[in-house]
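Residue numbers (my numbering), protein chains in the order written: chain A, 1 to 325; chain B, 326 to 622.
Ideal Cβ placement from N, Cα and C applies to all residues, glycine included.
Step one of this worksheet: look at the structure below.
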C-alpha cells in the first residue's frame with residue numbers, strides 16, 4: 001500500500017482477567033485503514049470486534065480488561081503511549097465513535113442539542129451561541145427535520161433512527177479523521193437501517209473520514225466497506241478487500257458465514273438455509289489448535305493440535321487456515 | 326418521519342414533569358407537602374407570627390393553661406411554661422431552630438455523602454473499599470449513640486449537634502449515590518461521554534449525577550424528618566442548643582416534671598415535632614413513589 005495508513009493496529013492483545021482466569025478477547029489483531037477508506041470488521045457476538053474498537057479509544061474497563069500488548073498507530077503516533085490528557089484531545093475530536101444502542105447511548109436527562117453542543121465546546125472552544133449554531137448545522141446535515149426545535153428534545157422523545165442520527169451528528173461534529181461505528185444499525189428497523197447506512201455513506205464521502213465499521217451483517221459490509229477483516233474468537237481469520245472476499249472466501253468460517261445468508265428464490269428454493277454447527281469456543285477455554293476446528297467441515301487431525309498462522313492465499317488476501325499453510 | 330415519533334414534537338417536557346404530576350395526584354403526599362410548607366413558612370416568618378418574645382419570662386404568668394381551659398386567656402393561646410414564657414411563640418421560634426438544624430445537617434451530609442459515594446462508585450477499587458468501610462464503621466454505631474459521642478467530644482451546642490447529625494447521615498447518602506453511580510456507569514451514555522473526550526469529573530458531575538437524583542431527592546426529604554427528630558432527641562438530652570434557645574426537644578425535657586400539673590407545656594412541643602416529622606415523611610414517601618419506584622418495599 002503506497003499511502004501511509006491513517007490507523008494501523010499492530011499485534012493488539014486485549015485480555016480480560018476474571019476470577020483468576022484470562023479471556024483473550026483480542027489476541028494478536030493487526031489491521032490497517034488508509035485515509036478515506038472504510039474497513040469492515042465482521043464476526044459473531046463475542047468475537048472481539050467491539051473490544052478492538054473500544055481498545056482504539058482506550059474505553060476498555062480497567063479492571064477487568066487490560067491492553068496487554070501491541071501498538072495502535074494513529075497518524076503515526078502510538079495511542080497506547082499517550083497520556084490521559086492527550087488521549088482526551090483525540091477522543092471525539094480526531095477519532096469519534098458511534099454506538100450500537102441509540103436508546104442508551106444518549107444521556108436521558110439532557111436535551112440532545114446540549115449533548116452535541118457539549119462535544120463541540122469541549123474540543124473547539126466555541127462560545128455557547130456559536131456551538132448552538134453549529135449543532136443546528138449538524139442536525140440539518142444528518143437529516144433531522146425541524147432541527148432548531150428538535151434540539152430541545154430529550155432522547156426519550158425521539159425515535160431510534162432519529163437518536164442514531166443525533167449520535168452521528170455528535171460523532172461528526174468535530175470533523176474527525178477516523179470514525180468508529182460499532183454496529184450502528186443493528187438495533188434499528190430494517191427500513192431505518194437503510195436510511196442510516198445511506199446517510200453514513202454520504203457523510204463519509206463528504207468529510208473524507210476513514211471508518212472502522214463493525215457489524216455482524218455481511219450485507220452491510222458489502223454496502224459500506226472497501227476492506228474486510230473477519231474475526232473469530234479474538235483473532236482475525238481472514239482479511240482482504242470486499243470484492244475478493246465476496247468472490248472467493250477462503251477461510252472455512254467465512255465460507256460458512258456466506259452460506260448462511262438467505263437467498264430468496266433461484267437455486268436455493270426449497271433448500272434449508274445452511275448454518276454453522278456448534279457455538280464459538282469460550283474465551284476462557286480455547287482449544288490448543290485452530291479456534292474453529294470443532295465446527296469446521298474441512299478439519300483434519302492437525303487442526304486440533306497446531307495453531308494456524310495468517311498466510312497469504314491470494315493478492316492482498318490472507319487467511320488463518322492450515323489448508324493453505 | 327413524524328409518524329414514528331412517540332410524542333408530539335412540540336412537547337418539550339422534561340422527564341421529571343410526568344413524575345411531579347403523579348406526585349400531585351397522591352393526596353397523602355400533598356398533605357405532607359402542605360405541612361412542610363406551613364412549617365417552613367412558620368420558621369421563616371417567626372418574628373412576624375409569634376405574639377410574644379419567646380425568651381421573655383413573666384413571673385405573673387407562670388404555667389397559664391391554654392385558652393380553651395378554665396383560667397386560660399387569649400394572651401397566651403397555648404399557655405405558658407414554668408417561667409411564664411409564651412408556648413406558642415416558643416414553638417414558632419422552635420420551628421426555626423429545627424429547620425436550621427435539619428437543613429444544615431442534611432445539607433452537609435448530602436454534599437459529603439454524595440461526593441464520597443460518587444467517587445467510590447465511579448473509581449471503584451481501593452478508593453471504594455476505603456470509603457465504604459469507613460461508612461460501614463459509622464453505620465455500626467447504635468443509632469443515637471454516635472451523635473451523642475460526637476457532641477460529647479465537641480461540647481454541647483447547636484452547631485455541634487448539627488455536625489453530629491450530619492456525620493451520622495453521611496453513610497446513607499454515600500450508599501445510595503454509590504449504588505446509583507455503579508448502575509449508571511454500565512450504561513452506554515457514560516462510555517459515549519468518555520468517547521467524546523470528557524474528563525472524569527465532567528462525566529461524573531454532568532452525565533452521571535443528574536441521573537442519580539431521583540433516589541437522592543427522596544433520601545434528602547426523608548432525612549429532614551429524621552434530622553428534626555434526632556435534633557429534638559439531642560436537645561432533649563441537653564446536648565444541643567443551650568437555654569434559653571426555644572428548641573422543641575429541650576422544651577419537652579424541661580417540662581418533664583410538670584406533666585401531671587401542666588401537661589400542655591409538654592404536649593404542644595411533642596405535637597409540633599410529630600407534625601413536622603410526619604409532614605416530611607408523607608411528602609418523602611410520595612416523592613419516592615413518583616421518582617424512585619424501585620425503592621418501594
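Excluding its 5 nearest sequence neighbours in each direction, residue 314 of chain A has C-beta neighbours in its own chain below 8 Å: 240, 244, 248 and 250, listed in chain order. For residue 104 of chain A, the chain B residues whose C-beta falls within less than 8 Å of its own C-beta are 512, 513 and 514, listed in chain order. In the DSSP annotation of this structure, the continuous segment of the alpha helix (DSSP H) that includes residue 614 of chain B starts and ends at 589 to 616. Nearest neighbour of residue 274 of chain A by Cα position, chosen from A/290, A/297, A/234 and A/287, turns out to be A/297.
Judged by their CB atoms, residue 96 of chain A and residue 171 of chain A are nearer to each other than the 8 Å cut-off. Taking all protein chains shown into account, residue 316 of chain A has fewer than 16 neighbouring C-beta atoms within 10 Å of its C-beta and is therefore exposed.
Annotation for residue 168 of chain A: 98, 142, 184, 196, 199, 200 and 203 place their beta carbon closer than 8 Å to its own, counting only its chain and skipping 5 residues before and after. Any Cβ of chain A closer than 8 Å to the Cβ of residue 519 of chain B would place that residue at the interface, and such an atom is present. Listed by position along chain B, the residues whose Cβ is nearer than 9 Å to that of residue 89 of chain A are 522. Annotated three-state conformation of residue 302 of chain A is helix, per DSSP. In this structure, the straight-line span from the alpha carbon of residue 520 of chain B to that of residue 46 of chain A is close to 21 Å. For residue 252 of chain A, the enclosing alpha helix (DSSP H) begins and ends at 252 to 259.
Between the alpha carbons of residue 584 of chain B and residue 590 of chain B lies a gap of roughly 8 Å. The shortest C-alpha to C-alpha distance from residue 81 of chain A to any of A/161, A/144, A/292 and A/56 is the one to A/56. The three-state reading of DSSP puts residue 96 of chain A in strand, counting E and B together. Setting aside the 5 residues that flank it on each side, residue 553 of chain B is surrounded in the same chain by 423, 427, 601 and 602, each with a C-beta closer than 6 Å to its C-beta; the list follows chain order.
The contact set of residue 401 of chain B on chain A, defined by CB atoms closer than 9 Å, is empty, because the minimum CB distance reaches about 52 Å. Residues of chain B with a Cβ closer than 7 Å to the Cβ of residue 123 of chain A are, in chain order, 522. Residue pairing by DSSP puts residue 235 of chain A in a beta bridge opposite A/232. Per DSSP, reduced to three states, the secondary structure at residue 158 of chain A is coil, with no helix or strand assignment. At the C-beta level, residue 165 of chain A and residue 155 of chain A stay beyond 8 Å of one another. With contacts defined as CB atoms closer than 8 Å, residue 379 of chain B and residue 430 of chain B fail to qualify as a contacting pair. Between residue 367 of chain B and residue 407 of chain B, the alpha-carbon positions lie close to 24 Å from each other. The beta carbons of residue 457 of chain B and residue 445 of chain B sit closer together than 8 Å. The way I'd put it, the region 174 to 183 of chain A does touch the region 213 to 223 of chain A; three or more beta-carbon pairs between them come closer than 8 Å. For residue 92 of chain A, the chain B residues whose C-beta falls within less than 7 Å of its own C-beta are 520, 521 and 522, listed in chain order. When Cβ-Cβ separations below 8 Å define contact, residue 536 of chain B makes contact with chain A.
As for any alpha helix (DSSP H) of minimum length 4 sitting wholly inside the region 157 to 232 of chain A, the runs are 160 to 172, 190 to 207 and 218 to 224, ordered along the chain. CA-CA distance, residue 421 of chain B to residue 369 of chain B, rounds to 7 Å. No Cβ-Cβ contact shorter than 8 Å links residue 578 of chain B with residue 347 of chain B. For secondary structure counted as the beta strand (DSSP E) over 3 or more consecutive residues, the region 85 to 153 of chain A holds these complete runs in sequence order: 95 to 98.
For residue 547 of chain B, the enclosing alpha helix (DSSP H) stretches over residues 538 to 561. Rounded to the nearest whole angstrom, the CA to CA distance from residue 237 of chain A to residue 283 of chain A is 16 Å.
For residue 172 of chain A, the nearest beta carbon of chain B is not closer than 8 Å to its own beta carbon. In the structure shown, residue 517 of chain B adopts helical secondary structure according to DSSP, grouped into three states.
A Cβ-Cβ distance of about 5 Å is found for the pair residue 210 of chain A and residue 33 of chain A, placing them in contact under the 8 Å criterion.
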